[in-house]
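Asker:
2 protein chains.
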Amino acid sequence: MAGTDTVTGLEVHDVRFPTSERLDGSDAMNPDPDYSVAYLVLHTSGGPPGHGLCFTIGRGNDVMAAAIRALAPYLLGRPVPATAADLAALHRDLTHDSQLRWLGPEKGVMHMAAGAAVNAAWDLAAARAGLPVWEFLAAMTPAELVSLVDFRYLSDALTPDEALALLRAAEPGRAERAARLRAEGYPAYTTSPGWLGYDDTTLVRLAKEAVADGFGQIKLKVGADLADDTRRMRLARDAVGPGVRIAVDANQRWDVAEAVRWMTALAPFTPHWIEEPTSPDDVLGHAAVRSGQPVKVATGEHVANRVVFKQLLQAGAVDFVQIDAARVAGVNENLAILLLAAKYGVPVCPHAGGVGLCELVQHLAMFDYVAVSGSRHDRVIEYVDHLHEHFTDPVVVEHGRYRAPAAPGFSARMKPESVSAHRFPDGPVWRARTRRRGQEVSA
Amino acid sequence: MAGTDTVTGLEVHDVRFPTSERLDGSDAMNPDPDYSVAYLVLHTSGGPPGHGLCFTIGRGNDVMAAAIRALAPYLLGRPVPATAADLAALHRDLTHDSQLRWLGPEKGVMHMAAGAAVNAAWDLAAARAGLPVWEFLAAMTPAELVSLVDFRYLSDALTPDEALALLRAAEPGRAERAARLRAEGYPAYTTSPGWLGYDDTTLVRLAKEAVADGFGQIKLKVGADLADDTRRMRLARDAVGPGVRIAVDANQRWDVAEAVRWMTALAPFTPHWIEEPTSPDDVLGHAAVRSGQPVKVATGEHVANRVVFKQLLQAGAVDFVQIDAARVAGVNENLAILLLAAKYGVPVCPHAGGVGLCELVQHLAMFDYVAVSGSRHDRVIEYVDHLHEHFTDPVVVEHGRYRAPAAPGFSARMKPESVSAHRFPDGPVWRARTRRRGQEVSA
Numbered sequence: 004m005a006g007t008d009t010v011t012g013l014e015v016h017d018v019r020f021p022t023s024e025r026l027d028g029s030d031a032m033n034p035d036p037d038y039s040v041a042y043l044v045l046h047t048s049g050g051p052p053g054h055g056l057c058f059t060i061g062r063g064n065d066v067m068a069a070a071i072r073a074l075a076p077y078l079l080g081r082p083v084p085a086t087a088a089d090l091a092a093l094h095r096d097l098t099h100d101s102q103l104r105w106l107g108p109e110k111g112v113m114h115m116a117a118g119a120a121v122n123a124a125w126d127l128a129a130a131r132a133g134l135p136v137w138e139f140l141a142a143m144t145p146a147e148l149v150s151l152v153d154f155r156y157l158s159d160a161l162t163p164d165e166a167l168a169l170l171r172a173a174e175p176g177r178a179e180r181a182a183r184l185r186a187e188g189y190p191a192y193t194t195s196p197g198w199l200g201y202d203d204t205t206l207v208r209l210a211k212e213a214v215a216d217g218f219g220q221i222k223l224k225v226g227a228d229l230a231d232d233t234r235r236m237r238l239a240r241d242a243v244g245p246g247v248r249i250a251v252d253a254n255q256r257w258d259v260a261e262a263v264r265w266m267t268a269l270a271p272f273t274p275h276w277i278e279e280p281t282s283p284d285d286v287l288g289h290a291a292v293r294s295g296q297p298v299k300v301a302t303g304e305h306v307a308n309r310v311v312f313k314q315l316l317q318a319g320a321v322d323f324v325q326i327d328a329a330r331v332a333g334v335n336e337n338l339a340i341l342l343l344a345a346k347y348g349v350p351v352c353p354h355a356g357g358v359g360l361c362e363l364v365q366h367l368a369m370f371d372y373v374a375v376s377g378s379r380h381d382r383v384i385e386y387v388d389h390l391h392e393h394f395t396d397p398v399v400v401e402h403g404r405y406r407a408p409a410a411p412g413f414s415a416r417m418k419p420e421s422v423s424a425h426r427f428p429d430g431p432v433w434r435a436r437t438r439r440r441g442q443e444v445s446a
Numbered sequence: 004m005a006g007t008d009t010v011t012g013l014e015v016h017d018v019r020f021p022t023s024e025r026l027d028g029s030d031a032m033n034p035d036p037d038y039s040v041a042y043l044v045l046h047t048s049g050g051p052p053g054h055g056l057c058f059t060i061g062r063g064n065d066v067m068a069a070a071i072r073a074l075a076p077y078l079l080g081r082p083v084p085a086t087a088a089d090l091a092a093l094h095r096d097l098t099h100d101s102q103l104r105w106l107g108p109e110k111g112v113m114h115m116a117a118g119a120a121v122n123a124a125w126d127l128a129a130a131r132a133g134l135p136v137w138e139f140l141a142a143m144t145p146a147e148l149v150s151l152v153d154f155r156y157l158s159d160a161l162t163p164d165e166a167l168a169l170l171r172a173a174e175p176g177r178a179e180r181a182a183r184l185r186a187e188g189y190p191a192y193t194t195s196p197g198w199l200g201y202d203d204t205t206l207v208r209l210a211k212e213a214v215a216d217g218f219g220q221i222k223l224k225v226g227a228d229l230a231d232d233t234r235r236m237r238l239a240r241d242a243v244g245p246g247v248r249i250a251v252d253a254n255q256r257w258d259v260a261e262a263v264r265w266m267t268a269l270a271p272f273t274p275h276w277i278e279e280p281t282s283p284d285d286v287l288g289h290a291a292v293r294s295g296q297p298v299k300v301a302t303g304e305h306v307a308n309r310v311v312f313k314q315l316l317q318a319g320a321v322d323f324v325q326i327d328a329a330r331v332a333g334v335n336e337n338l339a340i341l342l343l344a345a346k347y348g349v350p351v352c353p354h355a356g357g358v359g360l361c362e363l364v365q366h367l368a369m370f371d372y373v374a375v376s377g378s379r380h381d382r383v384i385e386y387v388d389h390l391h392e393h394f395t396d397p398v399v400v401e402h403g404r405y406r407a408p409a410a411p412g413f414s415a416r417m418k419p420e421s422v423s424a425h426r427f428p429d430g431p432v433w434r435a436r437t438r439r440r441g442q443e444v445s446a
């Protein structure tokens, strides 16, 4: 029919970058990641496509791609205007399908796949509206925002009425904060100096460069060896001076007692927070770590869903909530998490890095500032300076701040040539590696 | 090489049974399941293959199959004797692979896939030893059993030394309990009368039949409508009399306050437990439900891993731990959960039903009785009387009791003709349905 605008096709790619060749991204739990995305393009008949992604670190990215493809029946033929006008319906269809839900429920591969599809629909909707996602969200009324949230399992901590009251309280000043954001940007911190695979010289050089570039916070990976961490923490503190925050990140390496012991030892160097001290599922463990040593606790990049975030807040287990744009079921679930954090007065400091996570999550943090928490106090977005060149609307970070994105959509579109070059296993980058390895073996 | 016994191939099938045609298996969250398995056969060069499975309820079973296939690099070429002699190593390889771990961590699709592979290796190992898995486990020393467990994230609740002490305390009497098990079997309860899609007449008839068959406990699905549930609960109580236990199961339907309200209303009919009152991730929610109303609380079939079970026990959130044979990473992780439950003195009442879950989990409950808890008091294994005909060593339930399995292995082998008939979408059962639907459409 003329004039209709529907979803006509799913293009799903297994895209992997051979980052394990250098040690970018190395930490105590993930020694050799190949940063990857299961990348979704939702083609439509009436305009540009929508883009979404799941971030993984290599093996299993094909499973993520299969999970996204399994959502096709909910996407193909869907009218774009109705979908954009009721993004709660798509979110509900994907997360409430009883058969698919069995595979989680609401966690892991199927949940992240739902997130990629939901986010692709937000990209479509915001692009059709001619707005970046953060502005598209910030243009909604409190009632519209509340209608986007699935409150199932949340009502003991946050009701729709409470959410509405929070959003209404933040309504005055939205325009002023948006203007300030366009002028000043949003504070970032950088993890680039602190990968565990870097030697001391690299660590010190990059830490100094970070400060010179205007960052007020850096992050170090810790958790493999306490003597090493103590030395690296001392070197970093000496390099940046007392006025720059140094967060540390254990990437789930410890049990509770070990986390307490380790952070008690590192406390003299005044780490700003300890991130992922233990299992992301361990609400009570995080609470015990928080009360057992003096350093503030952060977690979230691997927290499976809003129900676990709810408990982390109920239990007083975290000082910082680290949302991730691609771990939960998309914008809708992250909106629930932003509201929970606002209810409990805990600042949100998004996890980013990986592939495209900075691009996506900046929209959520900026929307939080404009329309939910209303504050940038104690809030920073993680920044890692690699792989942005593969996106058509990469983040811009200057003087330690994210510039507010102006392009319509979710900044999730990858360059077609990057996708085709890094397709696994058949793209030229991977074919060349396979050939090279074959030569090494036969040599 | 002559004499070697290695894993030579993975056969992975997407097998689905059209159970949604009748309403077997229907509940408040899962109105129309097509009971399915992603079924794994590990072929070997030196003897019979190993068998493992992931249970799902239909859509997405192809994603599970893809996840099992993604484990091939860890399985192909693996020597069977070394694998059988160190089943902890395979478990660790599959759950500690940093790249695959990112897809959970330790939850959802990838974790269940690891469980299928681990369980297939246990099937291999026990079959090579000529023992059913429960006896194969019960023949191990306490130290051997402790070495099978991954204690990461558990040490604040259970240390290896504590586990060793628990197992040593249960060592005397192992032989006597095993003999009693062979003579008397293990108590079962039946869910067959209580599916939500059944009418009142069917419910009453099946409840009476269950009692006549010797069951001391039945289970009813609840959670869709309180008036209906009250009527059904009264009918069931009248049908079975005061001496038979009636458990109820909400399949995660409620928020905390709703669970408290609903169960307060059903309490006069003395339900034995309320199962899955809310999200399986909600440790604090379960604790609130347990303290807010008089009925005992059970959960576990959707609990993602040992870390969440640990917290349910630490928080005093459950009266019964319902392990599932195919939700976590196989026998090794279930052994951790059995030990945690024993430490906290909470009885384990396994979830079963589905496809093959009764076959698998009976081994774990019987091993628990012989060598861990040492008790059958307040313990029952769920039983559902369908789809057993597709297994070569189906469970035998007589007079309300599981007979101890005697065949070597894990009872997980499906009949080849059942697998080929129900392969999705190309098996004859599904081709016939597709054809029939085509005729309906064209008629």
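Chains A and B are the protein sequences, given in the same order. Residue numbers for the first sequence follow this note's numbering, beginning at 4 and rising by one. Residue numbers for the second sequence follow this note's numbering, beginning at 4 and rising by one. Glycine included, each C-beta is placed from N, C-alpha and C at the ideal position.
Label residue 172/A either buried or exposed according to how many other C-beta atoms from any shown protein chain fall within 10 Å of its C-beta, with 16 as the threshold for buried.
Answerer: Translated into positions along the first sequence, residue 172/A becomes position 169. Under this definition residue 172/A is an exposed residue.
Asker: Hey, quick one: how far does the alpha helix (DSSP H) through residue 77/B stretch, first residue to last?
Answerer: Working through the second sequence from its first residue, we reach residue 77/B at position 74. Element bounds for residue 77/B: 75-78.
Asker: Of all Cβ atoms in chain B, is any one closer than 9 Å to the Cβ of residue 102/A?
Answerer: Translated into positions along the first sequence, residue 102/A becomes position 99. Yes, because at least one Cβ of chain B sits closer than 9 Å to the Cβ of residue 102/A.
Asker: So with Cβ pairs under 9 Å, would you call residue 70/B a contact of chain A?
Answerer: Here residue 70/B refers to the residue found at position 67 when the second sequence is read from its first residue. So, interface residue.
Asker: When you compare only the Cα positions, how much space is there between residue 22/B and residue 432/B?
Answerer: Locating residue 22/B in the second sequence gives position 19, where the first residue counts as 1. Locating residue 432/B in the second sequence gives position 429, where the first residue counts as 1. Taking the straight line joining both Cα atoms gives about 12 Å.
Asker: Strictly by DSSP, which residues pair up with residue 412/A?
Answerer: Position 409 of the first sequence, counted from the start, is the residue given in the question as residue 412/A. Paired residues: 135/A.
Asker: Determine the extent of the alpha helix (DSSP H) in which residue 231/A is found, giving its start and end residues.
Answerer: By 1-based counting over the first sequence, the position of residue 231/A is 228. Counting along the chain, the alpha helix (DSSP H) containing residue 231/A begins and ends at 229-243.
Asker: What's the C-alpha gap between residue 247/A and residue 221/A?
Answerer: Counted from its first residue, the first sequence places residue 247/A at position 244. Counted from its first residue, the first sequence places residue 221/A at position 218. In a straight line, the C-alpha of residue 247/A is about 8 Å away from that of residue 221/A.
Asker: Helix, strand or coil: how does DSSP classify residue 192/A here?
Answerer: Here the question's residue 192/A lines up with position 189 in the first sequence. Three-state result, residue 192/A: strand.
Asker: Going along chain A in order, which residues have a C-beta closer than 9 Å to the C-beta of residue 338/B?
Answerer: For this step, residue 338/B is matched to residue 335 along the second sequence. Residues of chain A passing the Cβ test: none, with the nearest at roughly 18 Å.
Asker: When DSSP builds the beta bridges, which residues end up paired with residue 326/B?
Answerer: Here the question's residue 326/B lines up with position 323 in the second sequence. Residue 326/B pairs with nothing; no bridge assigned.
Asker: Under 9 Å between beta-carbons, which chain A residues line up against residue 260/B? List them in chain order, please.
Answerer: Sequence index remark: in the second sequence, residue 260/B carries index 257 (1-based). Those within 9 Å of residue 260/B in chain A are 158, 159.
Asker: Per DSSP, what are the beta-bridge partners of residue 11/A in this structure?
Answerer: In the first sequence, counting from the first residue as 1, residue 11/A sits at position 8. Partner(s): none; residue 11/A has no beta bridge.
Asker: Report back the beta-carbon spacing between residue 206/A and residue 239/A to the nearest angstrom; my notes put them in contact at under 8 Å.
Answerer: Indexing the first sequence from 1 puts residue 206/A at position 203. Indexing the first sequence from 1 puts residue 239/A at position 236. Right, the Cβ-Cβ distance comes to about 6 Å (below 8 Å), so this counts as a contact.
Asker: Report the neighbours of residue 311/A on chain B: residues whose CB is nearer than 8 Å to its CB, in chain order.
Answerer: Sequence index remark: in the first sequence, residue 311/A carries index 308 (1-based). Going along chain B in sequence order, the residues near residue 311/A (Cβ under 8 Å) are 284.
Asker: Which same chain residues end up closer than 6 Å to residue 344/A when comparing Cβ atoms and leaving out the 5 residues on each side of it in sequence?
Answerer: For the purposes of this step, residue 344/A is taken as residue 341 along the first sequence, with counting starting at 1. Answer for residue 344/A: 324, 351, listed in chain order.
Asker: Does the pairing of the region 327-334 of chain B with the region 293-300 of chain B give three or more beta-carbon distances under 8 Å?
Answerer: No, the region 327-334 of chain B is not in contact with the region 293-300 of chain B.
Asker: Going along the chain, which residues of the region 294-325 of chain B sit with their C-beta nearer than 9 Å to a C-beta in chain A?
Answerer: Taking 9 Å as the Cβ-Cβ cut-off against chain A, the residues of the region 294-325 of chain B that qualify are 305, 307, 308, 310, 311, 313, 314, 317, 318.
Asker: Ignoring anything shorter than 4 residues or poking outside the region 86-114 of chain A, list the alpha helix (DSSP H) runs there in chain order.
Answerer: Those alpha helix (DSSP H) runs which fall completely within the region 86-114 of chain A and span 4+ residues are 90-99, 101-104.
Asker: Is the Cβ-Cβ distance between residue 120/A and residue 43/A less than 9 Å?
Answerer: Taking the first residue of the first sequence as 1, we reach residue 120/A at position 117. Taking the first residue of the first sequence as 1, we reach residue 43/A at position 40. It is a contact, given that the beta carbons lie within the stated cut-off.
Asker: What number of angstroms, rounded off, separates the C-alpha of residue 140/A from the C-alpha of residue 372/A?
Answerer: Along the first sequence, read from residue 1 onward, the residue named residue 140/A stands at position 137. Along the first sequence, read from residue 1 onward, the residue named residue 372/A stands at position 369. Distance between the alpha carbons of residue 140/A and residue 372/A: 12 Å.
Asker: If the criterion is Cβ atoms closer than 9 Å, does the pair residue 193/B and residue 83/B meet it?
Answerer: Residue 193/B sits at position 190 when you count from the first residue of the second sequence. Residue 83/B sits at position 80 when you count from the first residue of the second sequence. Contact flag unset, no.
Asker: I believe residue 106/A touches residue 63/B by the beta-carbon criterion, under 8 Å. Please report the beta-carbon distance rounded to the nearest angstrom.
Answerer: Mapped onto the first sequence, residue 106/A falls at position 103. Mapped onto the second sequence, residue 63/B falls at position 60. Confirmed, Cβ separation roughly 5 Å.
Asker: Under 7 Å Cβ-Cβ, which residues of chain A neighbour residue 281/B?
Answerer: Against the second sequence, residue 281/B aligns to sequence position 278. Here the neighbours are 156.
Asker: How would you write the range of the alpha helix (DSSP H) that residue 317/A sits in, first residue to last?
Answerer: For the purposes of this step, residue 317/A is taken as the residue at position 314 of the first sequence. 309-317 is the span of the alpha helix (DSSP H), which, as asked, contains residue 317/A.
Asker: Do residue 283/B and residue 307/B have their beta-carbon atoms positioned less than 9 Å apart in this structure?
Answerer: For the purposes of this step, residue 307/B is taken as the residue at position 304 of the second sequence. For the purposes of this step, residue 283/B is taken as the residue at position 280 of the second sequence. Yes.
Asker: By DSSP's criteria, residue 267/B is part of a beta bridge. Which residues make up the other side?
Answerer: Numbered from its first residue, the second sequence carries residue 267/B at position 264. Answer is none; residue 267/B lacks a bridge partner.
Asker: Please tell me whether residue 37/B has its Cβ less than 9 Å away from any Cβ of chain A.
Answerer: As a first step, residue 37/B is located in the second sequence; it is residue number 34 there, counting from the start. Output row for residue 37/B: interface = yes.
Asker: Closest to residue 269/A by C-alpha separation, out of 408/A, 142/A, 76/A, 233/A, would be which residue?
Answerer: Residue mapping note: residue 269/A aligns to position 266 of the first sequence, counting from 1. Ranking the options by Cα distance to residue 269/A, first place goes to 233/A.
Asker: Any contact between the region 46-55 of chain A and the region 125-132 of chain A? By contact I mean 3 or more CB pairs, one from each, below 8 Å.
Answerer: Output reads yes: the region 125-132 of chain A touches the region 46-55 of chain A.
Asker: CB-CB under 6 Å to residue 366/A, same chain, minus the five flanking residues each way: which ones, in chain order?
Answerer: The sequence position of residue 366/A within the first sequence is 363, counting from 1. Cβ neighbours of residue 366/A beyond the five flanking positions: 136, 137.
Asker: Between which two residues does the alpha helix (DSSP H) containing residue 182/B stretch?
Answerer: Along the second sequence, read from residue 1 onward, the residue named residue 182/B stands at position 179. Counting along the chain, the alpha helix (DSSP H) containing residue 182/B begins and ends at 177-187.
Asker: Looking only at its chain, what residues have a beta carbon closer than 7 Å to the beta carbon of residue 78/B, apart from the 5 residues adjacent to it on each side?
Answerer: Within the second sequence, the letter at position 75 stands for residue 78/B. Contacts found: 10, 13, 45, 120.
Asker: List in chain order: all unbroken beta strand (DSSP E) runs of 3+ residues lying wholly within the region 16-53 of chain A.
Answerer: Correct list: 39-47.
Asker: Report the start-end ranges of each alpha helix (DSSP H) in the region 194-230 of chain A that is 4 residues or longer and not cut off at the edges.
Answerer: Here the runs fully enclosed are 203-215.
Asker: Can you look up residue 82/B in the DSSP assignment and give me helix, strand or coil?
Answerer: Residue 82/B sits at position 79 when you count from the first residue of the second sequence. Note: residue 82/B maps to strand in three-state DSSP.
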